[in-house]
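Student: Got a structure here, written out as structure tokens. Questions coming.
Residue numbers (our numbering): 9 to 200.
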């Protein structure tokens, strides 16, 4: 893999991290000329800065306080306490920006370039995945059928149980009526 391809991949990863898409095209007008490629990278980075709030704040901070990066200023920091305190205050105020950009850069650096075989392996697994989905669908159909059968059986048991209980109540009512009739007859025979 050439340096140009590696830089293109890293740029696409930066773009993906900053605003969640991966559509940097490998433009054909970029030649192998390094200065042209550096200009291309600068324009892409500027586009990224325009679209990312974190990078905008970071670049504004660097533009506003560029004197902090100059070599001449460091000697002033050693001699003057107020400038040193101001520098420390600025650093602490913008520490979250440093952390955000640093974590983004580290995540880009740690991303490994995927092996090209991964895509062919994934494509070869698609039929197995489809078979698995079809198997799951057939199990769902069987479960739906079984749940309907169980519901019908429970409904039938309920009807049988209710009918049996009702029959028992009718039989008990008949027996109680017979006992009441006998008692009435006996009571009437006793009083006569």
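Every residue gets a Cβ at the ideal spot worked out from N, C-alpha and C, and that includes glycine.
Around the C-beta of residue 182, are 16 or more other C-beta atoms found within 10 angstroms, so that it is buried, or is it exposed?
Tutor: Burial call: exposed.
Student: Whole angstroms are fine: how far does the CA of residue 172 sit from the CA of residue 158?
Tutor: Looking at the two C-alpha atoms, the distance is approximately 21 Å.
Student: Inspect the CB distances between the segment 56-65 and the segment 96-114 and report whether three or more fall short of 8 Å.
Tutor: Contact holds: three or more Cβ-Cβ distances are below 8 Å.
Student: What would DSSP say about residue 102, mapped onto helix, strand or coil?
Tutor: In the structure shown, residue 102 sits in coil (DSSP, three-state: anything other than H, G, I, E or B).
Student: Using only alpha-carbon positions, find the residue among 57, 145 and 132 that is nearest to residue 109.
Tutor: Checking every option, the nearest Cα to that of residue 109 belongs to 57.
Student: How many Å lie between residue 31 and residue 155 at the Cα?
Tutor: Reliability fails at residue 31, whose pLDDT of 46 lies under 50, so the model's placement of it is uncertain and the value that follows must be treated cautiously. Going by the C-alpha atoms only, they are around 49 Å apart.
Student: Express the C-alpha separation of residue 169 and residue 150 in angstroms, rounding to a whole number.
Tutor: Residue 150 and residue 169: Cα-Cα distance of roughly 28 Å.
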